[in-house]
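As structure tokens, the structure follows; a few thoughts come after it.
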Amino acid sequence: MKDNIPNIDESVFIAPGVQIAGGDEIQIGKNSSIWFNSVIRSSGQEVLIGERSNVQDGSVIHTSTSGGTYIGDDVTIGHMCLIHGCTIGNRTLIGMGSLLMNGVKIGNDCIIGAGSLLTQGTVIPDGHMAFGRPAKVIRPLTEEEIAGLPAHAEEYVEEAKKFRE
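Shown next as structure tokens:
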């Protein structure tokens with residue numbers, strides 16, 4: 072019989088109003104945070120959220136019938152995003168209000184501009200910026216931009232600590 076309890080590390084901050092629907096196919100790593108009124112829902116597929124990642128207010132993380140949703144370490148998902156059946160690499164920033172459809176693959180160290188629409192099957196290579204409706208790769212990130220990406224995630228690790236006090 073399948074365990075029906077999501078696997079959420081004890082260090083994870085879950086704000087009031089968050090809804091998590093699914094069993095042990097949902098895993099959330101150490102020091103991650105899920106903010107007000109966000110929804111994480113599995114339809115039997117995996118939802119894996121790495122360490123120190125944050126899902127900001129009002130965002131929805133869902134699976135597709137053909138695959139899970141995989142979010143790496145040190146990922147920032149801005150307010151009011153829809154993340155659906157896709158893969159997001161480590162140290163990536165998803166701008167507010169972005170929509171990521173089934174089969175999207177975003178590499179490590181990427182920035183997706185606010186309000187972007189990544190249509191089914193879109194691939195963004197490591198170290199690139201993309202935005203638009205539909206989103207297109209704009210340019211490679213500079214070394215300075217890549218070096219700054221973990222700071223976004225760390226800011227939310229610290230913010231979660233304040234809410235626990």
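Whatever position you read off the sequence shown (first residue = 1), add 71 for the numbering used here.
Beta carbons are placed, not taken as given, at the ideal position from N, Cα and C, and that holds for glycine.
Best match in the options for proximity to residue i [C-alpha to C-alpha]
i	options	result
P87	G168, N179, S104	S104
I182	Q191, M172, H223	H223
Q191	R123, L170, S124	L170
C152	D144, D145, G168, S137	G168
Rounded separation between residue i and residue j - CA only
i	j	result
V89	R112	11 Å
M72	I177	Low confidence applies here, because M72 scores a pLDDT of 36, under 50, leaving its location unreliable; read the following figure in that light. One C-alpha to the other measures close to 34 Å.
A231	A206	31 Å
E236	R162	27 Å
L220	D180	7 Å
Contact under 7 Å by Cβ, residue i with residue j
i	j	result
I142	I159	yes
T193	V175	yes
L212	G198	yes
V131	V110	yes
Nearest-angstrom Cβ-Cβ length linking residue i and residue j, presumed shorter than 8 Å
i	j	result
G156	T134	6 Å
G149	Q116	The pair is not a contact, with the Cβ atoms about 23 Å apart (cut-off 8 Å).
N108	D95	With 8 Å as the limit, N108 and D95 do not qualify as a contact, their Cβ atoms being about 24 Å apart.
Beta strand (DSSP E) segment containing residue i, residue limits
i	result
L153	153-155
T52	This structure does not reach residue 52, given that the chain is present from 72 up to 236, and the question cannot be answered.
M200	199-203
Segment limits, alpha helix (DSSP H) that includes residue i
i	result
K233	214-235
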